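Here is the structure we will look at, set down as structure tokens.
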Amino acid sequence: SLSVGEGLSGCNQPPSADETAITHLLAQSFDTPEAPLVVGPIAVSGNAALADWTQGVSGGRALLRRHDDGWHVELCAGDGIKKESMLLLAGLSTDQARNILAELDARERNEAAERLKRIGSFQGVVRIDHAAHLPSSEAD
Numbered sequence: 239s240l241s242v243g244e245g246l247s248g249c250n251q252p253p254s255a256d257e258t259a260i261t262h263l264l265a266q267s268f269d270t271p272e273a274p275l276v277v278g279p280i281a282v283s284g285n286a287a288l289a290d291w292t293q294g295v296s297g298g299r300a301l302l303r304r305h306d307d308g309w310h311v312e313l314c315a316g317d318g319i320k321k322e323s324m325l326l327l328a329g330l331s332t333d334q335a336r337n338i339l340a341e342l343d344a345r346e347r348n349e350a351a352e353r354l355k356r357i358g359s360f361q362g363v364v365r366i367d368h369a370a371h372l373p374s375s376e377a378d
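Numbering (my numbering), first residue to last: 239 to 378.
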């Protein structure tokens, strides 16, 4: 009889439509022939997502939100974004923040330590401005 580790069951699931869309968006935005972008793992909760990425020796995490016209990158950060307080500041609900962090933690357990180090190495927080796409609801 085959016994499959519970923790690994997630690996066999095909990516969701959201994950596919997010991977495509990030690759479209940042991928280059000389520095291919590797996206994942991705954690989604409602209209928000955190996506890990690496590109050459660097890496980071992108916070994305789903709007009527699809997913948009809101900001890029490193390990700093893996704090509930940061996600709340970015406009997520407490439940969303907790769900995303729990899911990302679980998915990151399958990643190589060296890759996680690159993902966490992104310095600071960079806001990605989508003012061009979205009607501004507030002046910064």
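Glycine included, C-beta positions come from ideal geometry on N, C-alpha and C.
Since we're looking at a predicted model, the values are computed, not measured.
Can you give me the Cβ contacts of residue i inside the same chain, cut-off strictly under 8 Å, excluding the 5 residues immediately before and after it?
{"i": "V277", "result": "I260, T261, L264, A265, A289, D290, W291"}
{"i": "V364", "result": "L313, C314, A315"}
{"i": "P271", "result": "none"}
{"i": "T332", "result": "E322, L326"}
What are the boundary residues of the beta strand (DSSP E) that residue i is part of?
{"i": "E312", "result": "308-315"}
{"i": "G298", "result": "296-305"}
{"i": "S283", "result": "275-283"}
Starting from residue i, trace the alpha helix (DSSP H) in both directions and tell me its first and last residue.
{"i": "D290", "result": "Taken as a continuous stretch (DSSP letters only), D290 belongs to no alpha helix (DSSP H), being part of the beta strand (DSSP E) at 286-293."}
{"i": "E341", "result": "332-346"}
Ordered along the chain, which non-local residues of its own chain (more than five positions away) have a Cβ less than 6 Å from that of residue i?
{"i": "V311", "result": "A300, L302, I366"}
{"i": "Q334", "result": "S283, G284, A286"}
{"i": "L330", "result": "A286"}
If residue i and residue j are in contact, beta carbons under 8 Å, what's the gap, nearest whole angstrom?
{"i": "E322", "j": "L342", "result": "In fact, because the Cβ distance is near 12 Å, the residues do not count as touching under 8 Å."}
{"i": "P279", "j": "E346", "result": "6 Å"}
Please list, in chain order, all residues of the same chain as residue i whose beta carbon is under 7 Å from its beta carbon, the five residues on each side excluded.
{"i": "G294", "result": "A273"}
Quick test of the definition: if touching needs 3 or more C-beta pairs under 8 Å, does the segment 308-318 touch the segment 347-366? yes
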